[in-house]
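Take the sequence shown: its position 66, counted from the start at 1, is 65 in numbering that gives the first Met the number 0, and no numbers get skipped.
Since the structure comes first, as structure tokens, the remarks are kept for the end.
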Amino acid sequence: MNPHLDNLLSDAEFEIKSRLIRRTLKCDNGVINFSIEQGEEMKVEFNFHRQSPDSNELIKWLNYPIEEIQKIILAMFEKVIHIPIGELGK
């Protein structure tokens with residue numbers, strides 16, 4: 000996650016119980032809030048977010064094709080987290 004910070008904390012005799020990385024990524028006219036928490040278990044969260052005063056734009060965002068969302072999430076698992084989708088659920 001951040002080995003330099005981890006080393007500083009360890010050198011100061013702190014025990015790291017969990018680590019968290021959070022990013023906000025552009026996705027069309029909205030964003031994907033993406034976080035990975037690594038502790039005793041790994042926790043991955045995705046939140047697709049769109050803010051607009053125009054209700055038609057928000058309705059369009061809510062109708063974002065599920066197949067595209069699945070592609071994005073699969074790419075995150077495989078290319079970023081390095082977990083082949085076949086290993087999920089094990």
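Glycine included, each C-beta is placed from N, C-alpha and C at the ideal position.
As the structure is a computational prediction, the values presented were derived from the model and not from experiment.
Sheet register partners of residue i (DSSP bridge)
| i | result |
| --- | --- |
| Glu44 | Ser34 |
| Gln20 | First, the residue type needs correcting, since residue 20 is Ile and not Gln in the sequence shown. Partner(s): Ile35. |
| Lys25 | Val30 |
Nearest candidate by alpha-carbon position, reference residue i, set the options
| i | options | result |
| --- | --- | --- |
| Asn28 | Ile15, Leu8 and Asn55 | Asn55 |
| Gln37 | Asn6, Lys25, Ser17 and Arg22 | Ser17 |
| Val43 | Leu7, Met75, Pro2 and Leu4 | Met75 |
Where residue i falls: helix, strand or coil (DSSP)
| i | result |
| --- | --- |
| Glu12 | coil |
| Asp53 | coil |
| Ile72 | helix |
| Pro64 | coil |
Beta-carbon separation (whole angstroms), residue i vs residue j, contact threshold 8 Å
| i | j | result |
| --- | --- | --- |
| Ile80 | Ile35 | 7 Å |
| Ile31 | Phe47 | 6 Å |
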